[in-house]
Amino acid sequence: MEGGVDMNKVFDKHCVFITSTGRTGTRFLAKSLSKMVEDCYAVHEPANVFIKDLKKWGNDIKRFGFYQMTVGQFLPSKSMCKLSTYRRKGKITDEKTKEYIKGLRKQILEETKESLYVESSNHLHGVIDLLGDVFPNSKIVFIIRDPRTWIRSAISSPVYLLYSKVDFSFLGMSMRAFHFKDDPYSMKWNSMSKFEKFAWYYNKLNTLVLESMKNKNNFKLYRYEDLFLGEKKEENFIDLLEFSTKFDDGFSRNYAFEPSFLKKKINSASDKYKIPHWKNWNKKRARILQKHCGDLMDKFGYGKEPEWLEKLNSDYKEEFA
Numbered sequence: 233m234e235g236g237v238d239m240n241k242v243f244d245k246h247c248v249f250i251t252s253t254g255r256t257g258t259r260f261l262a263k264s265l266s267k268m269v270e271d272c273y274a275v276h277e278p279a280n281v282f283i284k285d286l287k288k289w290g291n292d293i294k295r296f297g298f299y300q301m302t303v304g305q306f307l308p309s310k311s312m313c314k315l316s317t318y319r320r321k322g323k324i325t326d327e328k329t330k331e332y333i334k335g336l337r338k339q340i341l342e343e344t345k346e347s348l349y350v351e352s353s354n355h356l357h358g359v360i361d362l363l364g365d366v367f368p369n370s371k372i373v374f375i376i377r378d379p380r381t382w383i384r385s386a387i388s389s390p391v392y393l394l395y396s397k398v399d400f401s402f403l404g405m406s407m408r409a410f411h412f413k414d415d416p417y418s419m420k421w422n423s424m425s426k427f428e429k430f431a432w433y434y435n436k437l438n439t440l441v442l443e444s445m446k447n448k449n450n451f452k453l454y455r456y457e458d459l460f461l462g463e464k465k466e467e468n469f470i471d472l473l474e475f476s477t478k479f480d481d482g483f484s485r486n487y488a489f490e491p492s493f494l495k496k497k498i499n500s501a502s503d504k505y506k507i508p509h510w511k512n513w514n515k516k517r518a519r520i521l522q523k524h525c526g527d528l529m530d531k532f533g534y535g536k537e538p539e540w541l542e543k544l545n546s547d548y549k550e551e552f553a
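Letter by letter, the sequence shown follows residues 233 to 553 in the numbering used here.
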């Protein structure tokens, strides 16, 4: 009994989990918060294989073991990426999911001497609503980005492997429409272009997260543009720091905001984009994205530009007027 209590006590650590679709500055946030916040250990996608970063992979093999960092990446008990997709597909119960989350993060938390643990990872999307149960002293930050710039960044990035040649369907690492019986695109998936699949993914992931996190007190959403691009980006970034360092039980950490950090680019997409800026899209491409992402764009204030509306039909012009 005593051993069990001690084992679970590690999950009482104060934690902040930051997640998104990816391509939203998650790596930058991990790097920044570790330097701005006192007594804070911040990590980006722990125990996840980066094919383009063999040094990190080698270090993680030493830390987490060869099995977890190779064959284990295809098992929900050893990979947060796989676990998120498994739960979204309904192939695992919530109780088993929470058990696996504990198994995946117990070692990391035990090794973290700092009082605040921050994890920034796009692989948390499928378990986001269970994190508060596993980590009672936790906060969740979710970042949403304009789908037009997100899809351009995601398709162009050499490290974002969604629906790439190595993201084989039979491995079940990424969500696909046919994983959801009631999805209107489940029977159309194989005929959809990569661009449309990305648009579907953006809508599916963000919608699932927002629905599952309704009325959660430990949850806060930020727009990518407000944190990194807008005129009030410094004010918004300070708000994120405040949210991430002040907890309801009285626990707090001091922070020193460094505006210069926001001028740096970490893990940015290559300048050689594979698709043009949305202003140069044809009407077909614009309408495909609007079909999938229009509701979210309207909700978060994207797609109001006259040149965007011009690419859409009259119905959209009236809707967004």
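Glycine included, each C-beta is placed from N, C-alpha and C at the ideal position.
Residue closest to Cys247, alpha-carbon to alpha-carbon, out of Asp414, Gly533 and Phe479: Mapped onto the sequence shown, residue 247 falls at position 15. Here the closest residue by C-alpha is Phe479.
Endpoints, the beta strand (DSSP E) within which Tyr273 is located: Along the sequence shown, one-based indexing puts residue 273 at 41. Counting along the chain, the unbroken beta strand (DSSP E) around Tyr273 starts and ends at Cys272 to His276.
Residue range of the unbroken beta strand (DSSP E) whose run includes His246: Indexing the sequence shown from 1 puts residue 246 at position 14. Membership of His246 in the beta strand (DSSP E) is indicated by the continuous run His246 to Ser252.
Distance CB(Leu307)-CB(Leu473) smaller than 9 Å: Start at 1 with the first residue of the sequence shown, and residue 307 comes out as number 75. Start at 1 with the first residue of the sequence shown, and residue 473 comes out as number 241. If you check the CB distance, Leu307 and Leu473 do not come in under 9 Å.
Contact between the stretch 239–259 and the stretch 365–379 (3+ Cβ pairs under 8 Å): The answer is yes - the stretch 365–379 touches the stretch 239–259, with three or more Cβ pairs under 8 Å.
Whole-angstrom C-beta distance between Cys272 and Leu348, which should lie under 8 Å: Residue numbering aside, residue 348 sits at position 116 when the sequence shown is read from its first letter. Residue numbering aside, residue 272 sits at position 40 when the sequence shown is read from its first letter. At roughly 4 Å, the Cβ-Cβ gap stays under 8 Å, so Leu348 and Cys272 are in contact.
Endpoints, the beta strand (DSSP E) within which Glu351 is located: Stepping through the sequence shown from its first residue, residue 351 is reached at position 119. Segment Leu348 to Ser352, the beta strand (DSSP E) holding Glu351.
Separation of Asp471 from Ile360, as counted between CA atoms: Numbered from 1 along the sequence shown, position 128 holds the residue referred to as residue 360. Numbered from 1 along the sequence shown, position 239 holds the residue referred to as residue 471. Ile360 and Asp471 have their alpha carbons spaced roughly 21 Å apart.
Ser418 versus Ala409 - alpha carbon distance: One-based indexing of the sequence shown puts residue 418 at position 186. One-based indexing of the sequence shown puts residue 409 at position 177. Looking at the two C-alpha atoms, the distance is approximately 5 Å.
Under 9 Å between C-beta atoms of Tyr318 and Lys310: By one-based count along the sequence shown, residue 318 stands at place 86. By one-based count along the sequence shown, residue 310 stands at place 78. Going by C-beta atoms, Tyr318 is not nearer than 9 Å to Lys310.
Bridge-paired residues (DSSP) for Lys478: Counting from 1 along the sequence shown, the entry for residue 478 is found at position 246. According to DSSP, Lys478 bridges with Ser484.
When Thr329, Trp540, Ile293 and Gly533 are compared against Glu457, the one with the closest alpha-carbon: Here the question's residue 457 lines up with position 225 in the sequence shown. If we check each option's Cα against that of Glu457, Gly533 comes out closest.
Distance, His357 Cα to Arg337 Cα: For the purposes of this step, residue 337 is taken as residue 105 along the sequence shown, with counting starting at 1. For the purposes of this step, residue 357 is taken as residue 125 along the sequence shown, with counting starting at 1. Roughly 16 Å between the two C-alpha positions.
Cβ-based burial, Asn354 [other Cβ within 10 Å; buried from 16]: In the sequence shown, residue 354 corresponds to position 122, counting from 1. By the Cβ neighbour-count rule, Asn354 is buried, with 16 or more other Cβ atoms within 10 Å of its own.
Check whether Ser385 and Leu394 have beta carbons under 9 Å apart: Translated into the one-based positions of the sequence shown, residue 385 becomes position 153. Translated into the one-based positions of the sequence shown, residue 394 becomes position 162. No, the Cβ-Cβ distance between Ser385 and Leu394 is not below 9 Å.
Tyr299 (DSSP reduced to helix, strand or coil): Here the question's residue 299 lines up with position 67 in the sequence shown. Note: Tyr299 maps to coil in three-state DSSP.
Cα-Cα separation between Val184 and Leu437, rounded to whole angstroms: This structure does not reach residue 184, given that the chain is present from 233 up to 553, and the question cannot be answered.
Identity of the residue in Glu539, Leu521, Glu331 and Lys531 nearest Asn512 by Cα: The sequence position of residue 512 within the sequence shown is 280, counting from 1. For Asn512, the nearest C-alpha among the options comes from Glu539.
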